[in-house]
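J.:
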Amino acid sequence: MESPRHSCLKLELPNPTEPDEIEPIFIKATWYDTHFDLSITNDPDSWVCKASEEEVRERAAQWDQPEADYIELAERYLGFQQPGSVYKFTDAENRTKLEWRWKCQPSPNPQQTNSGILNFLMDANIRLSFLSVLN
Numbered sequence: 001m002e003s004p005r006h007s008c009l010k011l012e013l014p015n016p017t018e019p020d021e022i023e024p025i026f027i028k029a030t031w032y033d034t035h036f037d038l039s040i041t042n043d044p045d046s047w048v049c050k051a052s053e054e055e056v057r058e059r060a061a062q063w064d065q066p067e068a069d070y071i072e073l074a075e076r077y078l079g080f081q082q083p084g085s086v087y088k089f090t091d092a093e094n095r096t097k098l099e100w101r102w103k104c105q106p107s108p109n110p111q112q113t114n115s116g117i118l119n120f121l122m123d124a125n126i127r128l129s130f131l132s133v134l135n
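What the sequence shown shows, in UniProt numbering, is residues 1 to 135, in sequence order.
#1: Verify whether the separation of the beta carbon atoms of PRO108 and VAL48 is less than 9 Å.
#2: Tell me which same chain residues have a C-beta within less than 6 Å of the C-beta of LYS10, skipping the five on either side of it?
#3: Is the distance from the Cβ of LEU46 to the Cβ of SER39 below 9 Å?
#4: Quick check on SER107: does DSSP put it in helix, strand or coil?
#5: State buried or exposed for TRP31, treating a residue as buried only when at least 16 other CB atoms are found within 10 Å of its CB.
#6: Identify which residue in GLU12, GLU2, CYS8 and ASN114 has its Cα closest to the Cα of LYS88.
#7: Does the Cβ of GLU60 have 16 or more other Cβ atoms within 10 Å, making it buried, or fewer, making it exposed?
#8: According to DSSP, is THR41 helix, strand or coil?
In structure tokens form, the structure reads like this:
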């Protein structure tokens with residue numbers, strides 16, 4: 001059984017209505033060997049994306065990559081904001097598109113999605129604080 005990995009990224013995007021302003025969104029990801037799940041919020045809105053094994057296989061084939069390499073690349077770019085890379089989050093008819101072409105559904109429970117992201121961040125902060133005490 002594969003062991004999931006987790007990441008949470010604060011992505012700073014240009015505000016679509018005020019280009020001089022930066023708008024943060026948070027992307028919590030759960031990475032598996034063959035698929036991944038994303039929870040995204042800009043508070044007040046939230047979205048989810050569940051990339052199935054079949055979808056990942058198709059995307060990897062489109063890029064002529066092994067699935068493992070595709071997941072690794074996605075994890076790198078959605079785990080840490082990469083300097084020089086352009087990130088975009090756009091409305092795409094009843095769905096919102098994370099520009100790298102994954103369609104995200106509006107979260108069926110935005111409060112739960114936001115709470116999951118905040119809980120992950122709080123737990124990570126507690127673990128980091130504990131490690132700094134040990135050192």
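Using N, Cα and C, we set each Cβ at its ideal position, and we do this for glycine too.
T.: Checking against the coordinates, here is how it stands:
#1: Counted from its first residue, the sequence shown places residue 108 at position 108. Counted from its first residue, the sequence shown places residue 48 at position 48. The answer is yes: Cβ separation under 9 Å.
#2: Position 10 of the sequence shown, counted from the start, is the residue given in the question as residue 10. Excluding its 5 nearest sequence neighbours in each direction, LYS10 has C-beta neighbours in its own chain below 6 Å: PRO24 and PHE26, listed in chain order.
#3: As a working note, residue 46 is residue 46 in the sequence shown. As a working note, residue 39 is residue 39 in the sequence shown. Looking at the sequence shown, residue 46 is not Leu but Ser. If you check the CB distance, SER46 and SER39 come in under 9 Å.
#4: In the sequence shown, residue 107 corresponds to position 107, counting from 1. SER107: coil per DSSP, three-state reduction.
#5: As a working note, residue 31 is residue 31 in the sequence shown. The residue in question, TRP31, is buried, as its Cβ has 16 or more Cβ neighbours within 10 Å.
#6: Taking the sequence shown and counting its residues from 1, the one referred to as residue 88 is at position 88. Ranking GLU12, GLU2, CYS8 and ASN114 by CA distance to the CA of LYS88 puts GLU12 first.
#7: The count along the sequence shown starts at 1 and reaches residue 60 at position 60. Residue 60 is actually Ala in this sequence, not Glu. Its Cβ being crowded by 16 or more others within 10 Å, ALA60 is buried.
#8: Your numbering for residue 41 matches position 41 in the sequence shown. Shown here, THR41 sits in a strand according to DSSP, grouped into three states.
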